[in-house]
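In what follows, a single structure is set out as structure tokens and then discussed.
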Amino acid sequence: MVSEVKVKWLGHAFFAVTSSQGRVILMDPWIEGNPSCPIKAQDIDKADVIMVSHDHFDHAGDAVRLAQNTGAMVVAQPETANRFKTALGLADNQVVNAGFGMNIGGTVEVKGINITMTQAFHSSETGSPCGYIVKIENGKTFYHAGDTGLFGTMKELGEIYPIDVALLPIGGCFTMDPVQAAKAVELLNPKVVIPMHFKTFPFLVQEPGGFVNLIQNKKPGVKTIVLTPGQEYILE
Ligand SMILES: [Zn+2]
111 MVSEVKVKWL GHAFFAVTSS QGRVILMDPW IEGNPSCPIK AQDIDKADVI MVSHDHFDHA
171 GDAVRLAQNT GAMVVAQPET ANRFKTALGL ADNQVVNAGF GMNIGGTVEV KGINITMTQA
231 FHSSETGSPC GYIVKIENGK TFYHAGDTGL FGTMKELGEI YPIDVALLPI GGCFTMDPVQ
291 AAKAVELLNP KVVIPMHFKT FPFLVQEPGG FVNLIQNKKP GVKTIVLTPG QEYILE
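This is the structure:
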């Protein structure tokens, strides 16, 4: 089965990517209590992989429920995976690496999707925060930064894993703001950037316009795609 490659923003840091072979990859699923999520948990009837960047409710909130509903494999750090198993009853065989999870620097393959865990600078209830580089079957590569401040080795990440689409937080307060995120785009050098983690709460940046302007000035070759929750971007 060959599918259009699609990136759907479901509010905050929650994205659903459909791969070239029709795999559904959920990143940081948060539905319950997410004021910007336009769907209900029942609306997701298929998922193959669920990635969790860190153990905060606004990123991990619905990971286990969706995994149990769909049979998807959960990718997370060992300590977070362990909480999912002990506190929420996630089955061992639904955690990557035979129930162990993975950690920063590692790469796993799940159903033809290559997932590399990267560092992030933030906090987490269990384990430590991370980001993900995801290479799908046709080679297209996504970077979900998770929640993080700016860090210099984004440049090396972009060199090792040429990035087609970067999903970057711009909301400030808990993560990069538009100025830092624009610098991140300079370092990562993706083809496309999609801003996230803004507007969800009153104390986050409300509008992405400042970020869009910075990219137009500093990296005019990078396409900035501003989605509204529920909207999807189809890769060329
Ligand atoms: Zn967050």
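Each position in the sequence shown, counted from 1, maps to that position plus 110 in our numbering.
By construction, the Cβ of each residue, glycine as well, lies at the ideal position given by its N, Cα and C atoms.
The beta strand (DSSP E) runs of length 3 or more contained entirely in the stretch 180-251 are, from start to end of the chain, 183-185, 217-220, 223-229, 240-245.
Around the beta carbon of residue 152, fewer than 16 other beta carbons sit within 10 angstroms, so the residue counts as exposed.
When DSSP states are grouped into helix, strand and coil, residue 270 belongs to the helix group. A Cβ-Cβ distance of about 7 Å is found for the pair residue 141 and residue 150, placing them in contact under the 8 Å criterion.
Straight through space, the alpha carbons of residue 177 and residue 155 are spaced by roughly 10 Å. The stretch 114-132 makes contact with the stretch 247-256: 3 or more CB pairs, one atom from each, lie closer than 8 Å.
Using a Cβ distance threshold of 8 Å, residue 211 and residue 188 count as a contacting pair. Each residue's CA atom was taken as its position, placing residue 135 and residue 274 some 16 Å apart. When 169, 324, 299, 308 are compared, the shortest CA-CA separation from residue 263 is found for 299. Shown here, residue 161 sits in a strand according to DSSP, grouped into three states.
At least one heavy atom of ligand 1 sits closer than 7 Å to the Cβ of residue 257.
A Cβ-Cβ contact shorter than 8 Å links residue 234 with residue 165. Taking a C-beta distance under 8 Å as the contact criterion, residue 257 and residue 163 qualify as a contact pair. DSSP lists 119, 137 as the beta-bridge partner residues of residue 125. The three-state secondary structure of residue 296, taken from DSSP, is helix. Beta-bridge annotation (DSSP): residue 276 is paired with 253, 303. Of all alpha-carbon atoms in 236, 302, 282, the one lying nearest the alpha-carbon of residue 116 is that of 302. C-alpha of residue 207 to C-alpha of residue 218: approximately 8 Å in a straight line. For residue 344, the three-state secondary structure derived from DSSP is strand. The Cβ neighbour count for residue 196, taken over all protein chains shown within 10 Å, is under 16; the residue is labelled exposed.
DSSP, read as helix, strand or coil, puts residue 333 in strand.
From the listed residues 279, 332, 198, the smallest Cα separation to residue 232 is found for 279.
If you draw a 10 Å sphere on the C-beta of residue 221, you find fewer than 16 other C-beta atoms in it, and that means exposed.
304 is the residue among 324, 304, 311 whose C-alpha sits nearest the C-alpha of residue 343.
DSSP places residue 290 within a helical segment (H, G or I) once states are collapsed to three.
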